[in-house]
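Residue numbers (mature numbering (1 follows the signal peptide of the UniProt record, and there is no 0)): -20 to -1, 1 to 357.
Read the structure below first, then the notes.
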Amino acid sequence: MKLTQLSASLAAVLFSSVLAAQPSDDKVIFLTFDDGPINATSALVDALTEADIKATFFINAFHMYGEGDENEDMAAAAMRKVFDAGHVVANHSYDHMLHNCTDGVRSGAEYCNEVGLWPVKSYQNVESDYEFFALNTEKLLALIPDAELYPNFKMRTMARLPYTNGWRVTSVMKGDGLCATSDTVPPWDPAFNCTPATSTNSSQVAIQITDKLAANDYKVYGWDFDWGPENWGVAFPAETMADGVAMVANMESVINQCNATVMNPLNSRTPNLDCSDGIAHNKVVILTHDFLFEDGPRGQGATINLPKLKAFAEQARAAGYRFDTMDNYAPAWQATTVYELGEFVSYQDKIYSVLQAHTSQANWQPTATPALWTLEK
Ligand SMILES: [Zn+2]
């Protein structure tokens, strides 16, 4: 062996021990389930295990107390199962803001389902509505006291607002969900007239709550598109969800598109989301709901959609996607890794951006190297 060949192979060995932080062709799906846990969550977790997917659940703990007007008497057991299976558990407020769905006498899920005015006056008071996020954590811990010991417990650091496609991720990547909730008629009423310039009081309160969450060390995540019924107006809407082929086409149309006009009609309501800092590159956040995977009043959601979920996973992987959880929206910081300007990492539930290109060492954690990393707020 010639000396040059030896050095070449030595270089190859050395090079291979330094990891590339983020392969640019690595397309990532963040599959997120809102509004659980309910009884159906249990079979959903089994299906996710079978499909080898780790997902993120934005939960409302009021189901665990039988206050959500769903099939939920086994919700607490389902919640435990979500933790045990390693899915990330994040905060969607205790009661989905349904305390604000009221006629002055009655309020809450049962009343709101009766009158069907969920997104009307959903947000009313910044201070008191904000408290429903802390309450969510408190009530979850009252029933599952050791939940905090799970590394996938993110109730105090990751949130999504009910109804509202708001984002607070980095100093640049921020967006507000506008016009998702109204002050008078429901948003689907033809009389509802809302533009970003004439946003509703409820939306404005939601924006202030989003800011308050961010100021209190939460990352707030919206979504890129909603995997929901094609038609809510039929008897069994859960049976009208897009299949894997359509889902892959949807993802291809939204990936790396941060402009809401391009993303329409895929249910984006974040007109001012700025993705110019690159953290969103090659990522798709899919919103769906536990209750769409239930055999119940919305149709044969479990029978039809659990197999659909499995097929979607296969088709997405065949199209070059992998699945991850939202705490890895910025990938976890690693030692012995090349970091270039413009890259982001997560470390101890915070996001940092590269100040100076470098190859990381074991003791160069972002918290210990302010010359290399800056905290994103
Ligand atoms: Zn929700």
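Glycine residues also receive a C-beta, built at the ideal position from the N, C-alpha and C atoms.
Everything numeric in this text was worked out from a predicted model, so none of it was measured.
Hey, residue i and residue j are a contact pair by Cβ (cut 8 Å); roughly how many whole angstroms apart?
i, j, result
"Asn40", "His72", "5 Å"
"Ala310", "Leu321", "Actually they are not in contact, since the Cβ atoms of Ala310 and Leu321 sit about 15 Å apart, beyond 8 Å."
"Val325", "Thr339", "13 Å between Cβ atoms; not a contact."
"Val200", "Ala194", "6 Å"
"Asn19", "Ala56", "The pair is not a contact, with the Cβ atoms about 10 Å apart (cut-off 8 Å)."
"Ala89", "Gly48", "5 Å"
"Trp207", "Met227", "7 Å"
"Thr36", "Ala70", "6 Å"
"Ala218", "Gly279", "4 Å"
"Pro99", "Ala160", "6 Å"
"Leu158", "Ile189", "With 8 Å as the limit, Leu158 and Ile189 do not qualify as a contact, their Cβ atoms being about 14 Å apart."
Is it right to say residue i is buried, meaning 16 or more other beta carbons lie within 10 angstroms of its own, or is it exposed?
i, result
"Ser233", "exposed"
"Val68", "buried"
"Lys357", "exposed"
"Thr164", "exposed"
"Gly84", "exposed"
"residue 388", "This structure cannot speak to residue 388, because the chain is shown only from -20 to 357."
"Pro245", "A caution first: Pro245 carries a pLDDT of 41, below 50, which makes its placement in the model unreliable, though a value can still be read off. Pro245 is exposed by the Cβ-count criterion."
"Ala177", "exposed"
"residue 365", "Shown here, the chain extends from -20 to 357; a query on residue 365 therefore has no answer."
"Trp344", "buried"
"Ser182", "buried"
"Pro46", "Reading off the sequence shown, one finds Gly at residue 46, where the question assumed Pro. With fewer than 16 other Cβ atoms within 10 Å, it is exposed."
"Thr21", "buried"
"Asn211", "exposed"
"Val152", "exposed"
"Thr347", "exposed"
"Thr12", "buried"
"Pro3", "Confidence at Pro3 is low in this model, with a pLDDT of 47, below 50, so its placement is unreliable and the value that follows should be read with caution. Answer is exposed; the Cβ neighbour count stays below 16."
"Val225", "exposed"
"Asn145", "buried"
"Asn80", "buried"
"Glu50", "buried"
"Ser108", "exposed"
"Pro125", "exposed"
"Ala342", "exposed"
Can you determine whether any heavy atom of ligand 1 sits closer than 8 Å to the C-beta of residue i, and answer yes or no?
i, result
"His76", "yes"
"Asn40", "yes"
Cβ of residue i less than 9 Å from any chain B Cβ?
i, result
"Ser151", "No chain B appears in the structure shown, which is made up of a single protein chain."
Which runs of the alpha helix (DSSP H) fall wholly inside the stretch 82 to 156 and span at least 4 residues, in chain order? 89 to 95 and 106 to 123
What does the shell around ligand 1 hold, if a residue joins when its beta-carbon is under 5 Å from any heavy atom? This selection yields Asp14, Asp15 and Pro142.
Go through the stretch 177 to 215 residue by residue and report every complete run of the alpha helix (DSSP H) that reaches 4 residues or more, in order. 181 to 195
Quick check on the DSSP output: what are the complete beta strand (DSSP E) runs of length 3 or more inside the stretch 16 to 69, in order along the chain? 36 to 39
Entirely within the stretch 252 to 306 and at least 3 residues each: give me those beta strand (DSSP E) ranges in chain order. 263 to 269 and 301 to 304
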